[in-house]
Structure formats: structure tokens, C-alpha cells
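K.L.:
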Amino acid sequence: MRRRLAPLALLVASAALLAAPAAQAAPVPKPPAVKACSTAATSLAVDRVRRPVNHLLLTLTNDGKRPCYAYGAPTVVFDDEPAVTGILQDSVPQAVVTLEPGDSAYAVIGLSSPGGPRGRTVHRLSSWLANRKLQAVGDPATLALPKPTHVDDSAFVTYWQSTPDLALTW
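Going by the numbering used here, the first residue of the sequence shown is number 332, and it counts up by one from there.
1. According to the Cβ coordinates, are LEU375 and ILE440 closer than 8 Å?
2. Using only the alpha-carbon positions, how far apart do GLN492 and TYR437 sit?
3. With ALA371 as the anchor, note down where its beta strand (DSSP E) starts and where it stops.
4. In chain order, what are the residue ranges of uninterrupted beta strand (DSSP E) at least 3 long that sit wholly in the region 417-451?
5. Are there 16 or more other CB atoms within 10 angstroms of the CB of HIS454, so buried, or fewer, so exposed?
6. Which partner residues of ALA401 appear in the DSSP bridge assignment?
7. Expressed to the nearest angstrom, what Euclidean distance is found between the alpha-carbon atoms of HIS386 and THR406?
8. Give me the Cα-Cα distance between LEU348 and ALA364, rounded to the nearest whole angstrom.
9. If you drop the 5 nearest sequence neighbours on each side, which residues of the same chain put their C-beta closer than 8 Å to that of GLU292?
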């Protein structure tokens, strides 16, 4: 009798499992897509550094609540000049800098070279951030420069770096 009950119990349990509705797994929410940093959710600061001479350190800090990407290099214009400062192509980082809330990215502005052409004193800079296509977007941040700040036509800006030390190697 026991031998007959075991297969019968197995058959009843299998039928119950087949008749029960299948449990649906709850969908896993997708994390929000990381977007390019914007001047609306970040702050920019500019500081003179001791070394290398004739350089400024530009710091971009994520003040928002979500991570953002610091793409490419900042677009920099001194005072009301019609031309943007050139980007130092050798400074391309290995990866786009991702800024978690509160994190910072760094770029260096090389101001002049010894005996550089057409030197002038400047008082402020305007900087735009880039999108994934490396196009300047949004409103610029305008910053007062440390006094005195002298630039010439050899001025450059680096790509965003993840640490000040990496940025200052240029």
C-alpha cells in the first residue's frame, strides 16, 4: 500500500504545481541614465597654482543629486575675446570622468609661454561644458580670475581629469 501511495502523492503534487499560476518576478527598475554635467547642477572654481607657473586649475564639482559625465574639455573664453582657448590634445584621459554627487573633475589652463606672443591681462573667464558629442552646451559659468592674470596666444586648456595631480602634469 505504501508503494502505491508514493507515486500517487508525487502525481498529486505535480498536478498542483502545474495548476498553480506562475509567480511573476517584479521588474527590476533601470537606474537613471547618466547625463553630461551641466552648469545648472555643478559649480566651477578657478585657482592659481604654485607649480607649474603660468597655470590655473579649473575645478568642476557635481552639486546635483545624480552622477554626471564631464565630457572632453571645458570651452574657455577670456574676457570678451572672440576666440576660444585651444585644447591641449595630448591631455586626453583614458576614460570620461564620472562625477558622483560631491565629486570633482579638474582641468588646467596654461596661460602663457616664456616670450609668448601678444600678451595681455585678463580679468574673467567664461566656460561651457560639453555634451557627449563634445559640443559646448548650456549657459556658461563666468568666473573672476586671480589678479593679475596674464595670457598670450599660446594659452591652452586640458581635458577634464579625475585628480588635480593628473591635471597638473600638463
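No residue lacks a Cβ here, since even glycine has one placed at the ideal position from N, Cα and C.
P.N.:
According to the data block:
1. No, Cβ-Cβ distance for LEU375 and ILE440 is not below 8 Å.
2. Straight-line spacing of the CA atoms in GLN492 and TYR437 works out to 5 Å.
3. DSSP places ALA371 in no beta strand (DSSP E); its state is neither H nor E.
4. With a minimum length of 3 residues, the unbroken runs of beta strand (DSSP E) contained wholly in the region 417-451 fall at 428-430, 435-441.
5. With fewer than 16 other Cβ atoms within 10 Å, it is exposed.
6. ALA401 pairs with VAL428.
7. Near 16 Å, if we compare the C-alpha coordinates of THR406 and HIS386.
8. With a pLDDT of 47 at LEU348, under the threshold of 50, the modelled position of this residue cannot be trusted; read the value that follows with caution. CA-CA distance, LEU348 to ALA364, rounds to 40 Å.
9. Coverage of the chain is limited to positions 332 through 501, which leaves residue 292 absent and any answer about it impossible.
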